[in-house]
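Q: In the working numbering, the protein residues as written are -17 to 96. Note that the Cβ used here is the ideal one computed from N, Cα and C, for glycine as well.
What follows is the structure, given as structure tokens:
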């Protein structure tokens, strides 16, 4: 993606290997339908599974996916802070990587922001 994203979606990640592809699929479908430039910032908080490798694979397939990997677990708030520091969008949406917060609410959030 050559242009600056309008929306940055940040998701702290801790041992979320099985759900990361689904998170990406759902966020991509929603954001592509909206037609907004976007990025998905996945912050791996020292996961012990393959989360960091999955994030790298997602980035290789879709450069709108950005990854930050911590060397150890620093906690949720540090992961959020790192994501906020890294995000390039005009607006930021925080979500849980485990899909506890359904990505399908993103259009409503953007509408309220507008």
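Between which two residues does the alpha helix (DSSP H) holding residue 94 run?
A: Its alpha helix (DSSP H) spans residues 88 to 95.
Q: Could you give the distance in angstroms between the alpha-carbon of residue 41 and the alpha-carbon of residue 73?
A: 21 Å
Q: When you compare only the Cα positions, how much space is there between residue 53 and residue -15?
A: 30 Å
Q: Is the region 81 to 89 close to the region 25 to 34, with three or more CB pairs under 8 Å?
A: no
Q: Sort 77, 61, 29 by Cα distance to residue -2 and report the nearest one.
A: When only C-alpha atoms are compared, the closest one is 29.
Q: So, helix, strand or coil for residue -17, using DSSP?
A: Any reading at residue -17 is ruled out, since the residue's pLDDT is 45, under 50, leaving its predicted position unreliable.
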